[in-house]
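Visitor: In the UniProt record's numbering, the protein residues as written are 1 to 401.
1. Does the region 154 to 174 come close enough to the region 60 to 71 that 3 or more CB-CB pairs lie under 8 Å?
2. Cα separation between residue 215 and residue 340?
3. Quick check on residue 95: buried or exposed, where buried means 16 or more other Cβ atoms within 10 Å of its Cβ?
4. At what residues does the beta strand (DSSP E) containing residue 170 begin and finish?
5. At what residues does the beta strand (DSSP E) containing residue 205 begin and finish?
6. Residue 389 and residue 324 - do their beta-carbons sit closer together than 8 Å?
7. Give a yes or no on whether the C-beta atoms belonging to residue 114 and residue 165 are separated by under 8 Å.
8. Whole angstroms are fine: how far does the CA of residue 142 sit from the CA of residue 372?
9. Could you pull out every unbroken alpha helix (DSSP H) segment of at least 4 residues lying fully inside the region 280 to 363, listed in chain order?
10. What are the start and end residues of the alpha helix (DSSP H) that includes residue 16?
11. Taking its Cβ as the centre, do 16 or more other Cβ atoms sit within 10 Å of residue 237, making it buried, or is it exposed?
12. Under a three-way DSSP split, which group does residue 135 fall into?
13. Between the region 250 to 257 and the region 193 to 212, do three or more beta carbon pairs fall short of 8 Å?
14. Note down the Cα distance separating residue 312 from residue 295, rounded to an integer number of angstroms.
15. Starting from residue 244, follow its DSSP beta bridges and name the residues at the other end.
16. When DSSP builds the beta bridges, which residues end up paired with residue 129?
17. DSSP has residue 249 in a bridge; who is on the other side?
18. If distances are taken between C-alpha atoms only, which option among 304, 310 and 34 comes closest to residue 99?
19. Which residues does DSSP pair with residue 57 in a beta bridge?
20. Nearest by alpha-carbon distance to residue 110: which of 50, 260, 188 and 86 is it?
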């Protein structure tokens with residue numbers, strides 16, 4: 001029977017499992033596929049998983065997989081998730097197993113995540129002392145589905161990935177190039193941001209560039225909006241509450257000597273706190289309304305939440321950190337990252353624990369989404385052992401949560 005006890009630092013991943021993880025990681029790295037197009041990845045994983053003796057394998061979110069392993073003994077239901085999609089990046093690592101799909105690369109470490117989960121599955125299945133049920137999710141489209149398509153964690157959930165059985169908790173991880181190999185970065189509460197996307201159209205009045213007084217200049221007005229929007233961060237929110245408001249597009253005009261009648265902008269808002277996330281778009285709308293009214297212009301502002309913030313369950317996080325520390329892991333408290341991660345959708349439904357896995361084995365390493373991102377494969381064993389530690393520590397109902 002497994003209990004929440006000190007496991008000791010002797011918990012290891014078998015050499016044969018490590019070799020399997022390495023092979024899976026390198027195969028996936030050679031053959032990356034974009035979001036909602038992970039057909040070969042899905043087929044490869046399904047074959048590997050079935051060959052390992054797992055028989056409860058179901059398709060979710062078109063190109064994703066769910067695997068259920070029941071030990072036949074009473075206990076908790078623990079879920080583990082890995083993402084499987086790649087990015088539209090041209091690889092520049094020089095690795096002998098570099099991407100063979102031109103313009104597509106596993107630049108976010110999802111090949112590592114998938115191999116780690118596969119290794120953890122093998123370790124869990126090979127352990128006769130474990131109890132309870134385990135759910136393993138191989139999720140597509142974490143980077144976001146193509147326009148007009150559904151995908152990712154929300155579609156996995158809609159397809160029943162968290163049903164029959166319903167997990168008590170879900171665990172995930174992300175490789176990070178700014179953490180050394182062997183280190184696990186943790187944080188209770190918000191660890192990754194809510195991501196909003198907004199669109200703004202400022203409508204003025206066209207005029208000749210030599211007579212600006214005859215028009216209403218949307219470029220000038222929109223520029224004031226871009227500048228004043230930063231007052232939301234510096235003057236309208238708690239300085240201890242991370243907030244980012246960034247404009248990424250500013251399109252206006254067709255000729256050098258014509259003041260256009262319209263400017264179109266888009267950008268993103270990143271927040272951790274739920275209430276702050278709801279308030280920032282309202283503040284931005286107020287600023288836009290005030291500036292456009294002052295200049296006699298009109299505007300259209302639209303905001304959509306693309307992904308909620310990833311919130312680590314406080315009690316589960318505390319116990320997960322304790323389990324890792326008791327098992328000899330080097331744990332490091334980290335600051336939140338204002339990138340978004342759709343693991344957040346799982347953590348909205350059930351308690352979630354999402355930590356960062358160090359993959360840097362030199363003085364300085366490229367980080368995720370870089371064409372030079374080259375995570376150390378030594379982190380594969382650490383990540384699998386991390387998931388295996390959770391399984392050993394929490395599979396029974398002995399821990400009061």
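Note that the Cβ used here is the ideal one computed from N, Cα and C, for glycine as well.
Guide: By the coordinates alone:
1. yes
2. 41 Å
3. exposed
4. 169 to 180
5. That residue, residue 205, is in no beta strand (DSSP E); it is neither H nor E in DSSP.
6. yes
7. no
8. 20 Å
9. 314 to 326 and 343 to 349
10. 15 to 30
11. buried
12. strand
13. yes
14. 45 Å
15. 270
16. Answer by DSSP bridge pairing: none, since residue 129 is not bridged.
17. 266
18. 34
19. 67
20. 86
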